[in-house]
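Protein sequence lines, in the order shown, are assigned to chains A and B. Residues 77 to 355 in this note's numbering are what the first sequence spells out, letter by letter. Residues 4 to 382 in this note's numbering are what the second sequence spells out, letter by letter. Glycine included, C-beta positions come from ideal geometry on N, C-alpha and C. Worksheet: the structure to be examined is printed underneath.
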Amino acid sequence: MRKWLAHLVLIAIYLFFLLPLYWVVAMSFMTNQQILTYPPQFAFSPTLANYKALVLGQLGGGVGTLQVDYLHNFVNSLIVSCGAVGLSLVAGIPAAYALARFRFRGADNWAFTLLSFRFAPALLILIPLLQIYQSVGLYNTYWGLILAYQLITLPFIVWIVRGYFEDVSPELEFAARLDGYGWWRSFWHVSLPLVKPGVAAAALLAFIYAWNNFIFALVLGSSDVQPVTVATLSFMTASGIQYGVIAAALVISVVPILLLAVYAQRFLVRGLSMGAIKG
Amino acid sequence: MPRVRLEHLVKSYGRVRAVDDLCLEVEDREFFVLYGPSGAGKTTTLKLIAGAEHPDSGEVHIGDRRVDLLEPDARNVAMTFESYSLYPHYSVYDNIAFPLRAPGRRMSRAEIDERVRWAARLLGIEHVLGHKPAEISQGQKQRTALARAIVRPADVYLFDEPLSHVDAKVRHYMRGELHRMSTMLNNTIIYVTHDYVEALSLGDRVGVLDHGRLHQVGTPREVYYAPRDLFVALSFGQPEMNILEGTLTAAGGRLRVETALGTTHQLATGEPLPTAGTEVWVGLRPQDLQLGDLGAGTAFEAEVLVFEPLGTHGVLRARANGQVLNVLVPPNASFEPGSRVLLDYPEDALYLFDRESQLNILHPRITTPQGARDGGAKA
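Here's what the structure looks like:
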């Protein structure tokens with residue numbers, strides 16, 4: 077009886093979360109007409125027109141065609157997200173190590189400042205940031221976005237990886253020092269391999285958040301550098317909202333993250349449960 | 004020239020002086036044991052030698068080099084840690100090979116392989132070379148840690164409590180192994196332990212450490228039979244030395260000891276001894292107390308409290324004149340609690356410690372009939 081109830085609840089939860097997903101995927105294979113039919117149709121003849129429009133960059137509207145280079149935006153997303161995570165790893169892993177290993181003045185303040193980027197609203201800094209970017213020439217550049225994205229990705233890397241470094245005994249590093257390895261080599265051969273799961277988890281999470289970001293890219297760049305999240309907006313045309321195309325764009329944009337998450341989910345679970353949430 | 008020389012080393016953690024003005028010389032190819040209770044500063048001393056900690060003041064010399072300002076990887080010191088500190092992501096083989104692959108060493112793959120297998124064979128862990136540290140037993144981990152230390156030439160080998168986490172059964176066997184290994188290694192070893200049996204059995208010399216200070220340095224015989232002070236005397240032996248109150252009095256130009264057992268002794272000595280009237284601690288080792296009357300007039304009656312037959316020996320706890328004593332007796336004896344026994348001891352078994360300074364004031368001067376007791380505490 078209890079088991080039945082549990083199953084029932086689970087099914088309800090699955091429906092709640094999976095139905096929208098299903099609906100998006102289904103929409104991506106429908107025409108706008110089919111989508112807007114009420115009551116919604118679950119049986120329909122699928123069409124690839126939406127995907128075709130995205131790949132070809134030709135968006136058929138009521139009044140002529142609209143040029144949209146969605147694939148370019150997709151590449152932008154890859155460049156900016158990978159770049160942001162990459163930079164965060166390069167800067168964040170040493171920072172995490174320092175915070176875990178050394179007691180220095182202002183260490184905790186520094187770490188919390190970093191974390192505060194995660195709970196301060198982005199709008200708070202966007203306008204000044206835009207002005208700064210325009211005056212120093214970072215506006216509408218990949219580097220500009222990658223730098224702004226550090227506000228999203230760096231705290232993840234530093235906080236999660238720090239917990240991992242704290243779990244690595246300093247004695248291990250010292251053992252490596254005695255075995256004849258300099259500081260840097262001890263770090264490279266001993267400490268770093270041991271925090272690999274944490275780095276993987278943090279990088280994955282940071283990547284997802286970077287990929288999903290909308291507001292930074294919307295304000296700090298034009299369509300030259302804008303990622304898929306912003307590009308999807310352009311399918312709300314004057315002649316109507318292209319629900320089908322938007323759905324197809326969503327499906328395409330979800331693919332890389334889905335692949336990554338499936339590949340790295342064991343790191344993710346271990347990384348989150350073991351690194352960040354410690355004692 | 005001594006291989007390792009510590010000069011007035013001081014190391015504090017906050018208000019605690021872990022190592023307090025430590026001076027020590029360890030000879031070349033010596034097996035030196037640093038012995039003391041936990042918190043005595045043994046591991047800190049090793050860390051100061053190895054370079055994990057920097058002394059507040061004082062110097063560390065290895066060979067003819069002063070090393071306390073050098074980085075750990077420049078000191079050419081090998082060390083094992085109490086927690087083993089094996090690299091969990093490497094196999095046992097790679098753990099042992101790790102120091103040989105260090106950047107400065109430039110060893111060929113074949114050479115490395117040969118040395119790793121030599122060390123593994125010496126410690127009997129050849130069959131687990133392919134395993135990760137998480138997959139092997141405590142004893143094997145400990146051997147791996149030892150192998151990683153001895154696999155390479157070093158100026159001094161530091162072993163920090165290598166047997167403390169090993170099963171009691173394996174421990175005796177491993178002590179023998181360590182003996183064998185140190186002979187093979189034929190090099191300077193500083194070995195830290197809180198187990199007095201290890202200290203006595205392994206060391207060429209033993210340094211007794213407490214609160215960061217050396218109480219005595221000497222051969223196992225010296226520290227056991229001629230303890231410099233009460234602390235050293237109580238540190239060796241299980242059960243530990245019985246300690247009773249006593250008084251020194253002068254009688255006709257000679258000194259007499261009155262013990263809390265009610266026994267008195269004329270001290271047969273022409274040497275100058277502390278002034279009469281000195282309050283002393285009288286020490287008697289459990290194995291020096293015997294059942295029956297030895298005929299010297301020092302026998303006394305005691306009431307049996309507890310008897311523990313322990314297989315190889317028995318421990319009898321008895322009370323005499325209000326004093327509780329531990330006595331080592333044959334294991335096959337039987338004693339009823341509450342019954343009375345006659346106990347005695349040979350006079351030369353007495354230790355006397357000044358109650359103020361805690362120093363041993365008598366025993367080093369007693370000549371031993373069998374030559375078993377080496378005289379004179381060396382500092």
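Quick one: residues in its chain with C-beta nearer than 7 Å to the C-beta of glutamine 373 of chain B, no 5 flanking neighbours on either side, listed in chain order?
-> Confidence is the limiting factor: at glutamine 373 of chain B the pLDDT is only 39, short of 50, which leaves the residue's position unreliable, though a coordinate-based value still follows. Here the set comprises nothing.
On the three-state DSSP scale, how would you describe histidine 265 of chain A?
-> If DSSP states are grouped into helix, strand and coil, histidine 265 of chain A belongs with the helices.
Going by CA-CA distance only, name the one from A/Val234, A/Ile322 and A/Val338 that's closest to alanine 183 of chain A.
-> The candidate whose alpha carbon is nearest that of alanine 183 of chain A is A/Val234.
For lysine 3 of chain B, three-class secondary structure by DSSP = The first residue shown for chain B is 4 and the last is 382, placing residue 3 of chain B beyond what the model contains.
Indicate whether at least one CB of chain B lies closer than 8 Å to the CB of tyrosine 173 of chain A.
-> Closer than 8 Å: no.
Backbone CA spacing between glycine 314 of chain B and phenylalanine 338 of chain B [nearest angstrom] | The alpha-carbon atoms of glycine 314 of chain B and phenylalanine 338 of chain B are separated by roughly 15 Å.
According to DSSP, which residues form a beta bridge with histidine 268 of chain B?
-> Its beta-bridge partners are B/Val260.
Skipping 5 residues on each side, what residues in its chain have a beta carbon closer than 8 Å to that of proline 246 of chain A?
-> Contacts found: Arg177.
Within 8 Å, strictly: CB atoms of threonine 229 of chain A and alanine 196 of chain A = Taking 8 Å as the Cβ cut-off, threonine 229 of chain A and alanine 196 of chain A do not qualify as a contacting pair.
Can you name the residues of chain B whose CB is closer than 7 Å to the CB of arginine 261 of chain A?
-> The contact set of arginine 261 of chain A on chain B, defined by CB atoms closer than 7 Å, consists of Pro106 in chain order.
Can the beta-carbon of aspartate 198 of chain B be found closer than 8 Å to that of phenylalanine 35 of chain B?
-> In this structure, the beta-carbon distance from aspartate 198 of chain B to phenylalanine 35 of chain B does not fall below 8 Å.
Bridge partners of threonine 196 of chain B, per DSSP?
-> According to DSSP, which records beta bridges pairwise, threonine 196 of chain B is partnered with B/Tyr38.
To the nearest whole angstrom, what separates the beta carbons of leucine 25 of chain B and glycine 215 of chain B, a pair I think is in contact under 8 Å?
-> The distance from the Cβ of leucine 25 of chain B to that of glycine 215 of chain B is about 7 Å, consistent with a contact at the 8 Å cut-off.
Cα-Cα, which of B/Arg259, B/Phe162, B/Glu282 and B/Glu248 is closest to tyrosine 87 of chain B?
-> Looking at the Cα atoms, B/Phe162 is the closest of the given residues.
Mind listing the chain A neighbours of methionine 82 of chain B? Cutoff is C-beta to C-beta under 7 Å, in chain order.
-> Residues of chain A whose Cβ lies closer than 7 Å to the Cβ of methionine 82 of chain B are, in chain order, Leu254.
7 Å Cβ cut-off: residues of chain B touching glutamate 247 of chain A | What glutamate 247 of chain A touches in chain B: Phe84, Ser86 and Ser88.
Could you give the residue range of the beta strand (DSSP E) that holds glycine 317 of chain B?
-> Note, glycine 317 of chain B: beta strand (DSSP E), 317-323.
Top-ranked residue by Cα proximity to valine 211 of chain B, from B/Val131, B/Leu233, B/Ile192 and B/Leu297 = Nearest option by C-alpha distance: B/Leu233.
So who's on the other strand from threonine 313 of chain A, going by DSSP bridges?
-> According to DSSP, threonine 313 of chain A bridges with A/Gly316.
Presumed contact (8 Å Cβ cut-off) between phenylalanine 303 of chain B and alanine 323 of chain B, rounded CB distance = About 5 Å separates the two Cβ atoms, so the contact holds.
Near-chain A residues of the segment 114-145 of chain B (beta-carbon distance less than 8 Å), N- to C-terminal order | In summary, no residue of the segment 114-145 of chain B has a CB separated from any CB of chain A by less than 8 Å.
Taking the alpha-carbon positions, what's the glycine 273 of chain B to glycine 298 of chain B distance?
-> Low local confidence applies: a pLDDT of 48 at glycine 273 of chain B is under 50, so the model's placement there is unreliable, and no value is given.
Pull up the distance between the alpha-carbon of tyrosine 96 of chain B and that of alanine 53 of chain B, whole angstroms please.
-> Going by the C-alpha atoms only, they are around 24 Å apart.
From leucine 205 of chain A to valine 330 of chain A, what does the alpha carbon distance come to, in whole angstroms?
-> The straight-line gap from Cα to Cα measures roughly 29 Å.
Near-chain A residues of the segment 220-248 of chain B (beta-carbon distance less than 7 Å), N- to C-terminal order | Listed in sequence order: no entries.
Is it true that the CB of leucine 227 of chain A sits closer than 8 Å to the CB of phenylalanine 193 of chain A?
-> In contact: phenylalanine 193 of chain A and leucine 227 of chain A (Cβ atoms closer than 8 Å).
Measuring only between beta-carbons, confirm whether alanine 176 of chain A sits less than 8 Å from chain B.
-> No, alanine 176 of chain A lies away from the interface with chain B (no Cβ there is under 8 Å from its Cβ).
May I ask you to verify whether the segment 99-110 of chain B touches the segment 251-259 of chain A, counting CB pairs closer than 8 Å and requiring at least 3?
-> They touch, by the three-pair rule.
If you count every other CB in all the chains shown that lies within 10 Å of the CB of glycine 265 of chain B, and 16 or more means buried, which is it?
-> Result: exposed.
Three-state secondary structure (DSSP) at asparagine 79 of chain B?
-> If DSSP states are grouped into helix, strand and coil, asparagine 79 of chain B belongs with coil.
Would you verify that the beta carbon of valine 306 of chain A is, or is not, closer than 8 Å to some beta carbon of chain B?
-> Under the Cβ criterion of 8 Å, valine 306 of chain A is not counted among the residues facing chain B.
In terms of alpha-carbon separation, which member of B/Val283, B/Asp59 and B/Glu28 lies closest to phenylalanine 356 of chain B?
-> Nearest option by C-alpha distance: B/Val283.
How would you label alanine 336 of chain B, buried or exposed, when you count the other beta carbons within 10 angstroms and need 16 or more for buried?
-> By the C-beta density criterion, alanine 336 of chain B is exposed, having fewer than 16 other C-beta atoms within 10 angstroms.
Kindly confirm or deny that the segment 210-223 of chain A and the segment 261-271 of chain A touch, where touching means at least three C-beta pairs closer than 8 Å.
-> These segments do not touch.
With 7 Å as the limit, tell me which residues of the segment 268-290 of chain A have their beta carbon closer than that to any beta carbon of chain B; keep them in chain order.
-> For the segment 268-290 of chain A, which is checked against every Cβ of chain B, the residues closer than 7 Å are Pro269 and Leu270.
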